[in-house]
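First up is the structure itself, then whatever we jot down about it.
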Amino acid sequence: MQNIQKTDKDIYAAILAEQKRQSEGMELIASENYQSAAVLEAQASVFANKYSEGFPGRRYYWGQENTDTIEQLAIERAKEVFHADHANVQALSGAAANLCVYSALMEPGDTVLGMDLTHGGHLTHGAPVTFFSKIFNFIRYKTTAEGKIDFDQVRALARQHKPKIILAGFSAYPRELDYKKFVEIANEVWAIAFADVSHIWWFIAAWLLKNPLDYGFHVMMTTTHKSLRGPRGALILSKGIVSNPLKKPEDTIENIPTRIDRAVFPGMQWWPHMNTIAAIAVALHEVQTPAFKTYTQQALKNAQVVATELIAHGYKLVTWWTENHMVIIDFTGTGIDGSVAESTLDKIGISTSKSTIPDDPNPPFRPSGLRIGLPAMTTRGVKETDTKKIVEFIDHALKNKDDEEALSELRNKVREFCKDFPVPGV
Ligand code: DSN
Numbered sequence: 000m001q002n003i004q005k006t007d008k009d010i011y012a013a014i015l016a017e018q019k020r021q022s023e024g025m026e027l028i029a030s031e032n033y034q035s036a037a038v039l040e041a042q043a044s045v046f047a048n049k050y051s052e053g054f055p056g057r058r059y060y061w062g063q064e065n066t067d068t069i070e071q072l073a074i075e076r077a078k079e080v081f082h083a084d085h086a087n088v089q090a091l092s093g094a095a096a097n098l099c100v101y102s103a104l105m106e107p108g109d110t111v112l113g114m115d116l117t118h119g120g121h122l123t124h125g126a127p128v129t130f131f132s133k134i135f136n137f138i139r140y141k142t143t144a145e146g147k148i149d150f151d152q153v154r155a156l157a158r159q160h161k162p163k164i165i166l167a168g169f170s171a172y173p174r175e176l177d178y179k180k181f182v183e184i185a186n187e188v189w190a191i192a193f194a195d196v197s198h199i200w201w202f203i204a205a206w207l208l209k210n211p212l213d214y215g216f217h218v219m220m221t222t223t224h225k226s227l228r229g230p231r232g233a234l235i236l237s238k239g240i241v242s243n244p245l246k247k248p249e250d251t252i253e254n255i256p257t258r259i260d261r262a263v264f265p266g267m268q269w270w271p272h273m274n275t276i277a278a279i280a281v282a283l284h285e286v287q288t289p290a291f292k293t294y295t296q297q298a299l300k301n302a303q304v305v306a307t308e309l310i311a312h313g314y315k316l317v318t319w320w321t322e323n324h325m326v327i328i329d330f331t332g333t334g335i336d337g338s339v340a341e342s343t344l345d346k347i348g349i350s351t352s353k354s355t356i357p358d359d360p361n362p363p364f365r366p367s368g369l370r371i372g373l374p375a376m377t378t379r380g381v382k383e384t385d386t387k388k389i390v391e392f393i394d395h396a397l398k399n400k401d402d403e404e405a406l407s408e409l410r411n412k413v414r415e416f417c418k419d420f421p422v423p424g425v
């Protein structure tokens, strides 16, 4: 950073301060992770200088021989990793990608059946506060009181509302999804099956969780900055000929890839960020290494150690287990809520995120749950024994939440612990 240091002291100071914050703190927000030095280099490359609207071989400006190379590599790598017939790598984020998928496959007013935000779904799956929900009609399925998806309800809502899209995907759900059941229901009502696997795609890439595209899903989306450890962007992946869910002869499934590309450009986004696409290609290359598989296996072990240890310390968990990288503590009846837990842990340098639980008796800004995720700390090298220590830090902090002295002592211990686990790229 010699150049920023010389030209912009304020931003340089802020970058150093953020490096210190990240290094001295423990990142347990389930959607956060660290990009490798190679990914950061690709993002900071000269591809940031180029306008490249269009797709490889079909651009509007000249000088695209190198942008075509990187985008084609990103596409080919994404298709290989995800068993997809088509990949669009241009979406600027997960939210933009979801909007592109909706607009590619539906008309305004059409219906999407997705998971309720307060039961683990995502804002962009139709939360009433979003602009998306003014354009499309979102119907929401929920989980049972035990926290698992209620497929009887999914089927009943699908029969009643005849959605164009049935969406499987979540932001706070610690279990694997039953894609076969989703596809059965989608086929029954002639809906497109769309999976948002942003949180879990790394397990899919490493064959630790099922790939929705192998189970008859038509479209799948993932962000690239969570477990992929790539830049902030998204991939939209789809299959070739599977069935004809849109019913009109001109709308065969072969058109889904074309519709998605058109929805991204010229429909919604116009200019791709080529430096981001270069970094996505680098991250996808990293995913294809044996080290990445070892990383995902370790993350799963770490998350399961957190679940076991929290239960041993007397905590209640949504579904009492995890099959992915996240654990959700249910604080109901304990006199504490997710918001208090989040701010208490922040005081000792541990970042987590409050979360609703199924049928949460509390409002969303003060929900009863806390989501803890292991992707970032696993990237920094924590193993099972370290993970047990992390649970002890959490437990001590929550049991001493009003004791500032105890919290300050714990803050120092967390800082010491973090010294053994450096942040990549710092
Ligand atoms: N912000 C992400 C999460 O925490 O799940 C989702 O976009």
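Numbering (numbering that gives the first Met the number 0), first residue to last: 0 to 425. Just so it is clear, CB atoms sit at the ideal spot from N, CA and C, and this is done for glycine as well.
> In terms of residue numbering, what span does the beta strand (DSSP E) encompassing T222 cover?
Replying inline: V218 to T222 is the extent of the beta strand (DSSP E) around T222.
>> As a quick check of your reading: which residues have a C-beta less than 5 Å from at least one non-hydrogen atom of the ligand DSN, in chain order?
In response: Here the list is S30 and S170.
> Closest to F216 by CA distance: which of E391, R20, A157 and I184 is it?
Replying inline: Across the set E391, R20, A157 and I184, the C-alpha of I184 shows the shortest separation from the C-alpha of F216.
> Whose C-beta lies closer than 8 Å to the C-beta of P360 among residues of the same chain, with five residues either side of it excluded?
Replying inline: Once the five neighbours on either side are set aside, the close Cβ partners of P360 are T331 and S367.
> Roughly how many angstroms separate the alpha carbons of A155 and Y140, rounded to a whole number?
Replying inline: Linking A155 to Y140 through their CA atoms gives a straight-line distance of about 10 Å.
> Excluding the five sequence neighbours on either side, which residues of its own chain have a C-beta within less than 8 Å of the C-beta of M273, listed in chain order?
Replying inline: Within the same chain, M273 has close Cβ partners F46, A47, K49, S51, T66, I69 and E70.
>> By the DSSP assignment, the beta strand (DSSP E) with S352 in it spans what residues?
In response: Its beta strand (DSSP E) spans residues S352 to S354.
> Could you give the uninterrupted runs of the beta strand (DSSP E) lying entirely in the segment 342–404, keeping only those of 3 residues or more?
Replying inline: Whole beta strand (DSSP E) segments, 3+ residues: 352–354 and 368–372.
>> I need the boundaries of the alpha helix (DSSP H) containing A29, first residue and last residue.
In response: No alpha helix (DSSP H) contains A29, which DSSP labels as neither H nor E.
> Ends of the beta strand (DSSP E) at H85?
Replying inline: Note, H85: beta strand (DSSP E), H85 to N87.
> For D329, which residues does DSSP report across the bridge?
Replying inline: Answer is K315 and G368.
>> Would the segment 103–112 count as touching the segment 308–327 if we require 3 or more Cβ pairs under 8 Å?
In response: The segment 103–112 vs the segment 308–327: no contact.
> Under 9 Å between the Cβ atoms of F169 and M219?
Replying inline: If you check the CB distance, F169 and M219 do not come in under 9 Å.
>> How far does the beta strand (DSSP E) with L166 in it extend, from its first residue to its last?
In response: Looking at the DSSP string, the run of the beta strand (DSSP E) that includes L166 is I164 to G168.
>> Suppose only complete runs of 4+ residues qualify. What are the alpha helix (DSSP H) ranges in the segment 10–82, listed by chain order?
In response: For the segment 10–82, whole alpha helix (DSSP H) runs of length 4 or above, ordered along the chain, are 36–42 and 64–81.
> Cα separation between I14 and Q1?
Replying inline: In this structure, the straight-line span from the alpha carbon of I14 to that of Q1 is close to 12 Å.
> Which residue comes first and which comes last in the beta strand (DSSP E) that contains Y178?
Replying inline: Per DSSP, Y178 is not a residue of any beta strand (DSSP E); the alpha helix (DSSP H) it occupies stretches across Y178 to E187.
>> So the candidates are P173, Q152, I199 and A204; which of them puts its Cα closest to the Cα of K180?
In response: That would be Q152, whose Cα lies nearest to the Cα of K180.
> Quick one: is S342 buried, meaning 16 or more other Cβ sit within 10 Å of its Cβ, or exposed?
Replying inline: Result: exposed.
>> For the alpha helix (DSSP H) containing T6, name the first residue and the last one.
In response: Counting along the chain, the alpha helix (DSSP H) containing T6 begins and ends at Q1 to T6.
>> Do L299 and L227 have their beta-carbon atoms positioned less than 9 Å apart in this structure?
In response: Result no, Cβ atoms of L227 and L299 do not sit closer than 9 Å.
> How would you label T222, buried or exposed, when you count the other beta carbons within 10 angstroms and need 16 or more for buried?
Replying inline: By the 10 Å Cβ count, T222 comes out buried.
>> Given this structure, state the Cα-to-Cα distance separating H160 from A306, to the nearest angstrom.
In response: Here the C-alpha atom of H160 lies approximately 37 Å from the C-alpha atom of A306.
> Going straight from the alpha carbon of D149 to that of L176, what length do you get?
Replying inline: Just so you know, the alpha carbons of D149 and L176 end up roughly 11 Å apart.
> Is it buried or exposed for S407, if we count other Cβ within 10 angstroms and need 16 for buried?
Replying inline: Exposure of S407 is indicated by the presence of fewer than 16 other C-beta atoms within 10 angstroms of its C-beta.
>> Going by DSSP in three states, N97 sits in which element: helix, strand or coil?
In response: Of the three classes helix, strand and coil, the one that applies to N97 here is helix, per DSSP.
> How close, in whole Å, do the beta carbons of L166 and H198 come, if the pair is a contact with beta carbons under 8 Å?
Replying inline: With 8 Å as the limit, L166 and H198 do not qualify as a contact, their Cβ atoms being about 14 Å apart.
> Out of curiosity, what's the CA-to-CA distance linking W189 and A77?
Replying inline: When rounded, the distance between both Cα atoms is 27 Å.
> By DSSP, does R158 sit in helix, in strand, or in coil?
Replying inline: Here DSSP, grouped into helix, strand and coil, assigns R158 to helix.
> Nearest to I310 by alpha carbon, out of Q297, E322, V326 and E26?
Replying inline: It is V326 whose Cα lies nearest to the Cα of I310.
> At what residues does the beta strand (DSSP E) containing N136 begin and finish?
Replying inline: Judged by DSSP secondary structure, N136 falls within the beta strand (DSSP E) whose first and last residues are N136 to Y140.
> Where does the unbroken alpha helix (DSSP H) through L208 begin, and where does it stop?
Replying inline: From DSSP, L208 is part of no alpha helix (DSSP H); its letter is neither H nor E.
> Which of the three DSSP states, helix, strand or coil, is assigned to V111?
Replying inline: In the structure shown, V111 sits in a strand (DSSP, three-state: E or B).
>> Restricting to Cα atoms, I'd like to know which of D358, P271, A340 and G424 is closest to Y59.
In response: Checking every option, the nearest Cα to that of Y59 belongs to P271.
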